[in-house]
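Okay, here's the thing in structure tokens:
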């Protein structure tokens with residue numbers, strides 16, 4: 295039996311007047327969903343514990359962008375649309391994606407992400423006050439078979455395994471593109487003048503290309519999904535230390551991460567989802583690097599590529 299203990303929260307930070315972040319916890323077979331209230335004066339840690347059945351669960355973080363309330367609207371639309379696509383009876387084959395992927399959780403998540411982009415983009419085009427709004431989306435689907443990821447933008451997913459931390463998503467940002475091209479060094483990214491320019495966001499373009507990947511869970515794996523309000527303020531080793539020190543009290547780890555991000559400036563909204571995976575049938579953690587399988591949706595059961603992720 296696979297058990298996932300989850301703690302999620304979203305904090306306005308110390309500078310912003312509103313919260314444009316959101317998160318999603320979705321237990322599919324129970325038809326229950328939890329999202330952030332986005333109220334600026336409210337700080338709540340949502341804690342849940344799920345037994346994972348074949349239907350699985352969805353976890354996600356979304357960071358909105360745009361003037362006035364547009365960012366808040368975009369991130370809310372992102373998580374609500376993804377949740378609704380799983381909970382309603384509509385046929386996922388009728389979404390704007392041409393692929394028929396609705397025989398798997400990751401396929402449905404991929405489809406729902408593309409559909410969310412469609413709705414947010416249409417809303418931005420039809421309502422002048424929301425023109426140009428967008429949102430990142432980092433989603434994780436967990437079933438007894440695998441942990442699947444779908445990535446749009448620069449919110450991140452990390453894996454803490456055996457007291458090591460791995461960044462298992464790659465920022466879809468201009469500075470990451472410059473790093474990949476060898477034009478700047480990774481340490482230069484933190485202070486680069488274009489560090490906030492992202493290459494994909496839900497709603498910003500008519501067409502997006504989410505990046506789907508899969509990893510096989512091991513016993514006591516911990517997933518951390520977060521907006522850049524956290525990852526821009528704490529290094530990966532600092533996050534790993536806080537989480538490992540509070541392994542038996544993940545709610546305390548979530549609170550401490552928020553506290554530390556605020557003490558380091560808190561200029562942005564801070565949102566995170568912590569998920570600890572346990573189960574007697576899971577293999578023991580090893581000291582090897584994490585192997586990600588990048589999925590090819592031409593045939594969902596094959597992979598287009600594989601990558602080894604080194605600890606951060």
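In this note's numbering, the protein residues as written are 295 to 606.
Glycine residues also receive a C-beta, built at the ideal position from the N, C-alpha and C atoms.
* Asked: Is DSSP giving residue 342 helix, strand or coil here?
  -> strand
* Asked: Since residue 299 sits in a beta bridge, which residues does DSSP pair it with?
  -> The partner list for residue 299 (beta bridge, DSSP) reads 343, 570.
* To do: For residue 301, I'd like the list of residues in its chain whose CB is within less than 6 Å of its CB, leaving aside the five on either flank, ordered along the chain.
  => 339, 341, 544, 545, 548, 568
* Can you give me the start and stop residues for the beta strand (DSSP E) that residue 507 sits inside? => 505-509
* **Within the region 300-340, ranges of the beta strand (DSSP E) (whole runs, at least 3 residues)** => 315-321, 326-329
* To do: Ignoring anything shorter than 3 residues or poking outside the region 375-457, list the beta strand (DSSP E) runs there in chain order.
  => Listed in chain order, they are 431-436, 441-446, 450-455.
* Asked: Between the region 355-372 and the region 425-441, do three or more beta carbon pairs fall short of 8 Å?
  -> Result yes; three or more Cβ-Cβ pairs closer than 8 Å.
* Which of helix, strand or coil DSSP assigns to residue 577 -> Note: residue 577 maps to coil in three-state DSSP.
* **Neighbour-count burial assignment, residue 295, 16 or more Cβ in a 10 Å radius** => exposed
* Entirely enclosed alpha helix (DSSP H) segments - the region 467-491, minimum 4 residues -> The region 467-491 is shown to contain whole alpha helix (DSSP H) runs of 4 or more residues at 468-474, 480-483, in chain order.
* Check the DSSP bridge columns for residue 561 and list the partner residues they point to. => The partner list for residue 561 (beta bridge, DSSP) is empty, contrary to what the question assumes.
* Asked: From 411, 370, 434, 416, pick the residue whose C-alpha is nearest to that of residue 322; which is it?
  -> 434
* Would you call the region 463-477 and the region 554-571 in contact, with 3 or more CB pairs under 8 Å? -> no
* Asked: Under the three-state reduction of DSSP, which class applies to residue 598: helix, strand or coil?
  -> Here residue 598 scores only 40 on pLDDT, less than 50, and its place in the model should not be relied on; the value that follows carries that caveat. Strand at residue 598.
* Among residues of its own chain, excluding the 5 on either side of residue 437, which ones have a beta-carbon nearer than 6 Å to its beta-carbon? -> 350, 399
* Residue from 503, 453, 449, 499 whose Cα sits closest to the Cα of residue 489 -> The alpha carbon of residue 489 has as its nearest neighbour, out of 503, 453, 449, 499, the alpha carbon of 449.
* Could you check how far apart the C-beta atoms of residue 414 and residue 368 are, in whole angstroms? I think they sit under 8 Å. => 5 Å
* Quick one: what does DSSP say residue 349 is sitting in, helix, strand or coil? -> coil
* Could you give the C-beta distance for residue 423 and residue 364, rounded to a whole number, given that I count them as a contact under 8 Å? -> 7 Å
* **Of the residues 333, 532, 501, the one placed nearest residue 405, counting alpha carbons only** => Minimum Cα distance to residue 405 is reached at 501.
* Asked: Taking one C-beta from the region 582-590 and one from the region 501-510 each time, how about it: are there three or more such pairs within less than 8 Å?
  -> yes
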